[in-house]
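Trainee: Please find one structure pasted underneath; my questions will follow.
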Amino acid sequence: AQSVTQLDSHVSVSEGTPVLLRCNYSSSYSPSLFWYVQHPNKGLQLLLKYTSAATLVKGINGFEAEFKKSETSFHLTKPSAHMSDAAEYFCVVSDGYQGGGNKLTFGTGTQLKVEL
Amino acid sequence: NAGVTQTPKFRVLKTGQSMTLLCAQDMNHEYMYWYRQDPGMGLRLIHYSVGEGTTAKGEVPDGYNVSRLKKQNFLLGLESAAPSQTSVYFCASSTGHPNTEAFFGQGTRLTVV
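First to last, the protein sequences are chains A and B. When we follow this note's numbering, the leftmost residue of the first sequence carries the number 235, and every step to the right adds one. When we follow this note's numbering, the leftmost residue of the second sequence carries the number 6, and every step to the right adds one.
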């Protein structure tokens with residue numbers, strides 16, 4: 235079985251300050267991990283993904299995430315927040331073919347608020 | 006390049022009514038999924054399909070049925086809608102290859118009164 239825990243349901247930062255969104259995962263197999271972003275009343279857009287090639291993954295819009303197996307974490311960071319980053323962010327785990335379906339398991343989401 | 010298209014985008018149903026949500030993808034993906042999104046719960050998998058003619062239950066399948074008669078289409082049906090099925094529904098597709106991401110539609114906001 236696989237699961238994802240997003241440690242903060244809401245995060246508020248000032249524009250220009252760093253962003254940290256925390257995610258811990260559990261998986262019986264070597265996982266693939268993703269971060270998706272959802273802007274208000276929109277669909278989900280892939281920010282970045284980890285697939286065992288490199289532990290530090292760079293994504294779109296200046297976001298990056300580091301896979302730490304010893305801590306079972308995949309935290310999302312950005313050095314400097316922009317107003318347009320305000321959205322809901324989902325950490326997602328997939329165990330690939332294991333068990334069939336290549337199913338994605340979502341965390342409950344972190345709402346990021348960016349203030350002037 | 007449409008990607009994943011969901012129809013309709015909004016719908017209001019009365020309790021007991023039925024409806025079908027249509028998902029179409031033009032990326033020749035083998036795998037397709039239906040999720041529901043509820044506040045504070047993330048997205049939960051309803052049903053999925055690993056190829057034309059196949060379907061399987063996800064995490065929350067009760068009250069829903071699906072069909073995959075054509076590779077590019079995945080239909081989600083509600084036979085007798087209940088207020089608990091008020092939600093935003095997302096369709097997604099993927100190649101099914103390990104370590105590949107899913108591509109999502111824009112969502113269908115369904116309200117059951």
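For each residue, glycine too, the CB sits at the ideal point set by N, CA and C.
1. What in chain A is Cβ-close to glycine 109 of chain B, meaning under 7 Å?
2. Please report whether the beta-carbon of serine 264 of chain A lies at a distance below 7 Å from any beta-carbon of chain B.
3. What does the alpha-carbon distance come out to for the pair serine 264 of chain A and alanine 235 of chain A?
4. Going straight from the alpha carbon of valine 245 of chain A to that of alanine 321 of chain A, what length do you get?
5. With which residues is phenylalanine 297 of chain A paired in a DSSP beta bridge?
6. Grab me the residues of asparagine 70 of chain B's own chain with a C-beta within less than 6 Å of its C-beta, minus the 5 sequence neighbours each way, in chain order.
7. Go ahead and label threonine 289 of chain A buried or exposed: buried means 16 or more other beta carbons lie within 10 angstroms of its beta carbon, across all protein chains shown.
8. So, helix, strand or coil for methionine 317 of chain A, using DSSP?
9. Name the DSSP bridge partner or partners of arginine 114 of chain B?
10. Name the chain B residues that come within less than 7 Å of phenylalanine 340 of chain A, Cβ to Cβ?
11. Here's the rule I'm using: 16 or more other beta-carbon atoms within 10 Å means buried, otherwise exposed. How should glutamate 64 of chain B be labelled?
Mentor: Once the coordinates are examined:
1. Looking at the sequence provided, one finds phenylalanine at residue 109 of chain B rather than glycine. By Cβ distance, chain A contributes Gly277, Leu278.
2. no
3. 12 Å
4. 10 Å
5. According to DSSP, phenylalanine 297 of chain A bridges with nothing at all.
6. Gly82
7. exposed
8. helix
9. B:Phe15, B:Val93
10. Gly47, Leu48
11. exposed
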